[in-house]
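Novice: Okay, so the sequence shown: first residue is -2 according to the working numbering, each after it adds one.
Think of the CB as a built atom: it goes at the ideal place given N, C-alpha and C, for glycine as much as any other residue.
Here the structure is a predicted model, which means the values were calculated and not measured.
Once you've had a glance at the structure underneath, I'll fire off some questions.
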Amino acid sequence: MTRRPSFRNVVIAWLGGHPRGEATQADRFSLEPWKFAKNASVTERAEQRHFHASLRRSGDITLDKTSYVSRDSVLVGQIKIGARTSVGGGVQVGIKVEIGNNCTLNPFSVVRGNVVIGNDTRVATGAQILGFNHNSDRLDVPIWKQGLSYDGIEIGEDCWIGANAVVLDGVRIGAHAIVAAGAVVTKDVSEFTIVAGNPARPIKSRKYGRFVDRDNRDFGWRGFSRAVCEQMPAILARSLSKDGMLDYPGAKPTTRALADATELAAMADCAVPGFSGVELIETLQSWQDPTTGLVPGPFNEEGFVADSERAVDLEFRSASYAAMSTGYALETLGARLKYPIAVVQDFSSERLVQKLSSLPWGEKAWQCGAWIDHFATACYFNERHHGLVRDLADLRRWLEDNVDSASALWGHDFPKGDFLQPTNGFYRLTRGAHAQYGWAVERPERVIDTVLAHAHDPRHLSDESATACNVLDIIHPLYFCGKQTDYRKKEIEAVARFWLQKTIAHWGADEGMCFGLKDSKPPRLQGTEMWLSIGWLCAYMLGLTNSGDGFRPKGIHRI
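Next comes the structure, spelled out in structure tokens:
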């Protein structure tokens, strides 16, 4: 009986090589190019160096010495190939191509035209990346005589281009994306997104799962909403002590804890234990410093000094934040801060611009955004409750002039590639300024791009690292920008579904929620208030909220 030749041997024969057992040293990695780095012999590595030299002589070709290029491939034009990158048999690479480190072009793939491929990207067998196009505008000249155009293709790091996929000219594929086998990519692909079909469309986020289809599922929202209202009195009662309201049992009483308790009670339409309505208003109002208008509270956690430069400059962060949280808590009770916040009224435009420019935007955008949140909210309270109007055109103009052109946020990623600081800073300052005064975000689509990329960062948003603060930092900007545009709506809904379900699972019956998903401390008022705001925002973005909901955010995270 005649033995049928193996697929491998047929392919090698087609390439002009030899069947298994007769393979030359040079071509045995043609079909499995990724194995060269670990398995190549000293002789084979020497042969590659000689082959590299011949390729360099043939054209403008730059090869890292650790790269592997099959002798059965075709390289033409201006080409740069990075460290430990492998090019298999039958591959065509040409015209102007730059490929990063640790990449693989598997057999019979094509990379032609103007193409840049980032580190750690894999291109599967038969895939075609075509960074050029035929001009075809004229009808009186054959297409092949009209020349070519080159918009170019950019593929980010850590991407996977599936078998027989086609990527057409002008496309940008974001880092960590996956193009399914056979897909035809005609539009840009976002980071961490899986696309499939012809034409390719987004079907899934690598972290947040399949994109949400509108249906009758509520993802547990209704039952969760009812449970929050039913259990809120017990949650508040467990934090009450003879010394005041505690963030959690065993903690010291704080100014913020009573404000959080007031807002939680307003959310669930119940009372704050230990206080009548009048007593609660009088207590919160008594904490305000009448000279500055800030709220050091009865515990003065920060060593507040009313006539100090720090107070005048709004640099007592605890007292400034407490002015917000106490002011919002009083609003839920139909009351107000007793005194205006005088320190913000004294800021001239010149002084405000100097202050904004002196803030540490490069490394601490979170802190900078918080300062604007404190300032703008204080101006809001003064205007609404005391008739003191301060024109904020100077603040808005400074923000417009100083937004980062790449990220559309303020400040910079610090350390490099870490957007926790500017994302949080964006949330804080837009909450206090834009959301408060009805200002539009200048480039909502680019903000969404930046925030969705950050939403995949395991340093801050994994089960081990996620905190209420870090999650709210992404959810509120996505909600807020989503009011202006439907851009990447399905992806935003996938994020919302993911964190809604995480929020619901995080709930502790009659206790509330820890600040972090893996927090060693017990459930606390701060974590409960923030996670409930996250849950409601996610439900809102999924179209699940209505007037019959058991709760909705009130006070500092009101919508």
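Can you tell me whether residue 437 is buried or exposed? The criterion is at least 16 other CB atoms within 10 Å of its CB, across all chains shown.
Specialist: By the neighbour-count rule (16 or more Cβ atoms within 10 Å), residue 437 is not buried but exposed.
Novice: Among all the DSSP beta bridges, which residues are the ones paired with residue 125?
Specialist: In DSSP, residue 125 forms a bridge with 107 and 163.
Novice: Which whole-angstrom value describes the C-beta separation of residue 319 and residue 522, a residue pair presumed to lie in contact below a C-beta threshold of 8 Å?
Specialist: With 8 Å as the limit, residue 319 and residue 522 do not qualify as a contact, their Cβ atoms being about 14 Å apart.
Novice: Measure the C-alpha to C-alpha separation of residue 285 and residue 261 and round it to an integer number of angstroms.
Specialist: In a straight line, the C-alpha of residue 285 is about 21 Å away from that of residue 261.
Novice: To which residues of the same chain is residue 183 closer than 8 Å at the C-beta, ignoring the five residues directly before and after it?
Specialist: Within the same chain, residue 183 has close Cβ partners 165, 168, 196 and 197.
Novice: Does the region 147 to 161 come close enough to the region 104 to 120 to have 3 or more Cβ pairs within less than 8 Å?
Specialist: Short answer: they touch.
Novice: Let's test the definition: count the other Cβ atoms within 10 Å of the Cβ of residue 18 and tell me whether it reaches 16, buried, or not, exposed.
Specialist: The predicted model places residue 18 with a pLDDT of 35, which falls under 50 and marks its position as unreliable; any figure quoted below should be read in that light. It counts as exposed.
Novice: Mapping DSSP to helix, strand and coil, what is residue 623?
Specialist: This structure cannot speak to residue 623, because the chain is shown only from -2 to 556.
Novice: For residue 65, list the residues DSSP reports as bridge partners.
Specialist: Paired residues: 83.
Novice: Report the option in 329, 509 and 205 whose CA atom is closest to the CA atom of residue 488.
Specialist: If we check each option's Cα against that of residue 488, 205 comes out closest.
Novice: Assuming the contact rule is C-beta atoms closer than 8 Å, residue 81 and residue 55 should be a hit. Round their C-beta distance to whole Å, please.
Specialist: Rounded, the Cβ-Cβ distance is 22 Å, inconsistent with contact.
Novice: So, helix, strand or coil for residue 157, using DSSP?
Specialist: Strand, per DSSP.
Novice: Identify every run of the alpha helix (DSSP H) within the region 295 to 356, keeping only runs that are complete inside it and at least 4 residues long; order them along the chain.
Specialist: Correct list: 306 to 309, 314 to 329, 339 to 342 and 346 to 355.
Novice: Thinking C-alpha only, which one of 467, 483, 433 and 456 is nearest residue 445?
Specialist: Selected option, being the one with the closest Cα: 483.
Novice: Assuming the contact rule is C-beta atoms closer than 8 Å, residue 338 and residue 430 should be a hit. Round their C-beta distance to whole Å, please.
Specialist: Their Cβ separation, rounded to whole angstroms, is 15 Å, which puts residue 338 and residue 430 out of contact at 8 Å.
Novice: Confirm, please, whether the CB-CB distance from residue 421 to residue 388 is below 8 Å.
Specialist: Going by C-beta atoms, residue 388 is not nearer than 8 Å to residue 421.
Novice: If we count the other Cβ atoms within 10 Å of its Cβ and call it buried at 16 or more, is residue 97 buried or exposed?
Specialist: Its Cβ being crowded by 16 or more others within 10 Å, residue 97 is buried.
Novice: For residue 132, which of helix, strand or coil comes out of DSSP?
Specialist: Three-state result, residue 132: coil.
Novice: Rounded to whole angstroms, what is the Cα-Cα separation between residue 219 and residue 335?
Specialist: Residue 219 and residue 335: Cα-Cα distance of roughly 38 Å.
Novice: Give me, in chain order, the residues of the same chain whose beta-carbon lies closer than 6 Å to that of residue 128; leave out the 5 immediate sequence neighbours on both sides.
Specialist: Taken in chain order, the residues that qualify are 110, 111, 112, 149, 150 and 166.
Novice: With distance defined between alpha-carbon atoms, name the residue in 163, 159, 190 and 161 nearest to residue 172.
Specialist: Minimum Cα distance to residue 172 is reached at 190.
Novice: Buried or exposed, going by whether 16 or more other CB atoms sit within 10 Å of the CB of residue 21?
Specialist: With a pLDDT of 44 at residue 21, under the threshold of 50, the predicted position of this residue should be treated as unreliable, though the coordinate-derived value follows. Classification for residue 21: exposed.
Novice: Classify residue 357 as buried or exposed, calling it buried when 16 or more other Cβ atoms lie within 10 Å of its own Cβ.
Specialist: Label assigned to residue 357: exposed.
Novice: In its own chain, which residues sit with a C-beta less than 7 Å from the C-beta of residue 227, not counting the 5 before and 5 after it?
Specialist: Closer than 7 Å at Cβ, skipping near neighbours: no residue.
Novice: Inspect the beta-carbon positions of residue 455 and residue 245 and report whether they are closer than 8 Å.
Specialist: Not closer than 8 Å, so no.
Novice: Considering only the alpha carbon of each residue, which of 481, 95, 222 and 161 lies closest to residue 535?
Specialist: When only C-alpha atoms are compared, the closest one is 222.
Novice: From residue 239 to residue 508, what does the alpha carbon distance come to, in whole angstroms?
Specialist: Answer to the nearest angstrom: the Cα atoms are 19 Å apart.
Novice: Give the DSSP-derived three-state secondary structure of residue 556 in the structure shown.
Specialist: Here residue 556 sits in coil by DSSP.
Novice: How should residue 144 be labelled, buried or exposed, when 16 other C-beta atoms within 10 angstroms of its C-beta is the threshold for buried?
Specialist: When all chains shown are included, residue 144 counts as exposed.
Novice: So if DSSP puts residue 95 in a beta bridge, which residue, or which two residues, is it bridged to?
Specialist: Partner(s): 77 and 113.
Novice: Residue 220 bridges to which residues according to DSSP?
Specialist: DSSP, once it has assigned bridges, lists no residue as partnering residue 220.
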